[in-house]
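Okay, so here's the structure we're looking at.
2 protein chains.
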Amino acid sequence: MSSAITRVQVQYFEALLKAGSFATAAHTLHISQPALTMQIQRLEALVGGALVNRASRPVQATPLAQKLLPHLLEVLRRFEDLEDAIADQQEHLKGHLHIATIPTIAPYLLPTILPKLVDAHPDIQMDIEELPTEQLLEAILQERVDVGIMALPISHSLQHLDILPLWTERLRVYHLEGACQSALTLDALKKWPTYLLAQGHCLRDQVLGLCDPAVSAQRQGMHYQSGSLETLMRLVDHQGGITIIPDMARNQLSQVHQTTKTSAITSELAQRQIVMVYKQTLQKKRLLEALRLGTLSYLSPHA
Amino acid sequence: MSSAITRVQVQYFEALLKAGSFATAAHTLHISQPALTMQIQRLEALVGGALVNRASRPVQATPLAQKLLPHLLEVLRRFEDLEDAIADQQEHLKGHLHIATIPTIAPYLLPTILPKLVDAHPDIQMDIEELPTEQLLEAILQERVDVGIMALPISHSLQHLDILPLWTERLRVYHLEGACQSALTLDALKKWPTYLLAQGHCLRDQVLGLCDPAVSAQRQGMHYQSGSLETLMRLVDHQGGITIIPDMARNQLSQVHQTTKTSAITSELAQRQIVMVYKQTLQKKRLLEALRLGTLSYLSPHA
DNA sequence: TCTTTATATAAGTTTTTGTTATTATGAGCA
DNA sequence: TGCTCATAATAACAAAAACTTATATAAAGA
């Protein structure tokens, strides 16, 4: 009886494709290059054809390999699910959690909560990544990222995803000291030239719904779109005009500036809901719960 | 570094649960009982808890095992998908195809086409099973059965399933010789006492839509519901009345009886579509195609 | 209590997987 | 074309793993 495909063979093959050469793949796997060669050869024998073209550099998956790759990866992902489910049964929290957040949340939330989380759960290894909403959701669906911390509304399809609401925060106007009254209507808002985030930021799209796009994008021939709220605020400081920031960013300001440089917006639209998003099949429920609790500590820093 | 869960461990565990004892499971796996014991112990060590209660007979999955079982089985099913996909790439057709049909198709279709199929593809191992529609669909969803040959309409949800139409056949009246004219309207049909298949047969439900239920079920204090069309026809032969049979069953009759003992029904409702049903994720596309071609040979037996 | 029946353990063998040393191959370039 | 460098394949051997038979141990029924 010819033996069957094993997990290691598939793992090695994935590593080989990722590394691009036998030698470096073997190195990352902490085995010798011949050992890797043998397992790949065995896998190829079982598959009944070549899987990598050794001639090209980096080594390339053959057409056969490309057809089988989804199934090969599926096997590995399901093994990982199994092991996640096992870890989820243990009382001691441990494991790996790959977290990603959108750029308008990352700089405010993560530095605050991560130290506490790492402290509370020393055996959870957390990987952090910053991605725009669209790419983040794709990464979750491809199981490259476990959980995303992001903001509703989301235009992307939510199939296969679970949404866990964290809290809602208001959007506010950031302006020169005393330049606006303490609360603006949407109509009043539309009169101001507004600095926008670069395309792909979900907050940009939301802000565009609040402001007059004609006024927003350009001012005095300048068309500056930044990827960070900090930059936009510095722009306002030097050039005047306004930008829209969420509470998270406002909380970073000094007590005085929070009142003199920001104003409320009197509209239900001027808020966003912070949520956790993860694939429905994700098994790390206890890690997720730990993250949720840690995240909520942002609201009550002294608890 | 502690080693990881392997495929064989999970395979052995599945076999253990299926067999109910270490000794018999080891026997079906063609290994010794201590070998099985060792692998299960290793798996339990990796999982961090007992998986089977050895005291009870048959051995029972612990609560922990029950929680993990879906993930364990998922791993095995995805390995099988991988291997199916591999077999699907080879030019020579081989593999395992688990076919199931409903009872009103099985006795007419399979004996006709199976010999041809087995002849044409000697390396395809076919397992046949007979199941009512509901259970058949569940078996397909659980991946216990690869493909079902059944009849539309289906009331069950078709989520995750693909439907491949084969052909449409008419339903006809079976009666005593010369007892009816050659074609009956639905109204004429409702006047006859009709023998019905037992509950759970999809043809029964369809027939109930054609006949008068009040007349159908009971006659002369008799309430006979059979699981086979053959029995119903013998009942008609001895007791009079009618029953509804599909073309498949009619084709089994002698040329003479096909005209003297059966009548057409002048209604668009008096037909059913024969289809192949399989899970969307099924990889054995070429085996499926072979089955489809073989099945269609039922229509043109001399081809 | 004594069988009976089943799983666990022990000791030794085979198979598999891995290592190091060496050879073969193929791409890039004079 | 032939040389050189980088990289993978092969050979020979070592370590680890998985399996075997024989035996011990535990639980259930007579």
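Note that the protein sequences, when read in sequence, are chains A and B.
Convert by adding 1316 to the 1-based position in the first sequence; the result is the number in the working numbering.
Convert by adding 1316 to the 1-based position in the second sequence; the result is the number in the working numbering.
For glycine and all other residues, C-beta sits at the position ideal for the given N, C-alpha and C.
Beta carbon of residue i nearer than 8 Å to that of residue j
i	j	result
residue 1593 of chain A	residue 1453 of chain A	yes
residue 1490 of chain A	residue 1558 of chain A	yes
residue 1380 of chain A	residue 1365 of chain A	yes
residue 1328 of chain B	residue 1355 of chain B	yes
residue 1418 of chain A	residue 1449 of chain A	yes
residue 1415 of chain B	residue 1613 of chain B	no
residue 1542 of chain B	residue 1514 of chain B	yes
residue 1512 of chain A	residue 1420 of chain A	no
residue 1564 of chain A	residue 1485 of chain A	yes
residue 1560 of chain A	residue 1611 of chain A	no
Residue from the options whose Cα sits closest to the Cα of residue i
i	options	result
residue 1443 of chain B	B:1461, B:1343, B:1370, B:1457	B:1461
residue 1526 of chain B	B:1588, B:1367, B:1385	B:1588
residue 1506 of chain B	B:1494, B:1493, B:1523, B:1519	B:1523
residue 1476 of chain B	B:1330, B:1570, B:1434, B:1596	B:1596
residue 1405 of chain A	A:1429, A:1342, A:1603	A:1603
residue 1562 of chain A	A:1553, A:1494, A:1598, A:1483	A:1483
residue 1478 of chain A	A:1599, A:1552, A:1519, A:1575	A:1599
residue 1474 of chain A	A:1331, A:1542, A:1457	A:1457
residue 1408 of chain A	A:1383, A:1436, A:1521, A:1429	A:1436
residue 1387 of chain B	B:1323, B:1412, B:1487, B:1517	B:1323
residue 1487 of chain B	B:1516, B:1459, B:1521	B:1521
residue 1472 of chain A	A:1504, A:1516, A:1433	A:1516
residue 1615 of chain B	B:1567, B:1412, B:1554, B:1509	B:1567
residue 1413 of chain B	B:1459, B:1503, B:1554, B:1551	B:1459
residue 1638 of chain A	A:1344, A:1569, A:1495	Look at the range of chain A in this structure, 1317 to 1619, and you will see that residue 1638 of chain A is not part of it.
residue 1370 of chain B	B:1434, B:1470, B:1333, B:1504	B:1333
residue 1552 of chain A	A:1569, A:1577, A:1344, A:1570	A:1577
Where residue i sits in the DSSP three-state scheme
i	result
residue 1481 of chain A	strand
residue 1380 of chain A	helix
residue 1595 of chain A	strand
residue 1490 of chain A	strand
residue 1588 of chain A	strand
residue 1436 of chain A	helix
residue 1516 of chain A	coil
residue 1298 of chain B	Examination of residue 1298 of chain B is not possible in this model, given that chain B is present from 1317 through 1619 alone.
residue 1407 of chain A	coil
residue 1580 of chain A	strand
residue 1402 of chain B	helix
residue 1415 of chain B	strand
residue 1463 of chain A	strand
residue 1536 of chain A	Residue placement at residue 1536 of chain A cannot be trusted, given a pLDDT of 48 that sits under 50; what the coordinates show is reported in the next sentence. Residue 1536 of chain A: coil per DSSP, three-state reduction.
residue 1356 of chain B	helix
residue 1574 of chain B	helix
residue 1497 of chain A	coil
residue 1475 of chain A	coil
residue 1441 of chain A	strand
Closer than 7 Å: residue i CB and nearest the ligand SAH heavy atom
i	result
residue 1430 of chain A	The ligand SAH is absent from the structure shown, which contains no ligand whatsoever.
Contacts around residue i, its chain only, beta-carbon distance under 7 Å, and the 5 residues preceding and following it disregarded
i	result
residue 1536 of chain B	Below a pLDDT of 50, predicted positions are generally treated as unreliable, and residue 1536 of chain B, at 48, falls in that range; no measurement from the model is reported.
residue 1480 of chain B	1591, 1592, 1608
residue 1410 of chain A	1403, 1439, 1440
residue 1349 of chain B	1338, 1339, 1342
residue 1353 of chain B	1338
residue 1344 of chain B	1331, 1335
Same chain only: Cβ atoms within 8 Å of residue i, ignoring 5 sequence neighbours per side
i	result
residue 1573 of chain B	1493
residue 1351 of chain B	1342
residue 1601 of chain B	1404
residue 1320 of chain B	1362
residue 1330 of chain B	1388, 1389, 1392
6 Å Cβ shell around residue i - same chain, five flanking residues per side excluded
i	result
residue 1508 of chain B	1558
residue 1468 of chain A	1589, 1591
residue 1346 of chain A	none
residue 1400 of chain B	1599, 1600
Determine contact between the region 1569-1586 of chain A and the region 1495-1502 of chain A, defined as no fewer than three beta-carbon pairs at a distance below 8 Å.
yes
Given 8 Å as the limit, is there contact between the region 1415-1432 of chain B and the region 1352-1362 of chain B, that is, 3 or more CB pairs closer than that?
no
With a cut-off of 8 Å, do at least 3 Cβ pairs link the region 1393-1403 of chain A to the region 1389-1399 of chain B?
yes
Would you call the region 1594-1613 of chain B and the region 1457-1474 of chain B touching, i.e. three or more CB-CB distances under 8 Å?
yes
Are at least three pairs of beta-carbons, each pair with one atom in the region 1328-1346 of chain A and one in the region 1368-1376 of chain A, less than 8 Å apart?
yes
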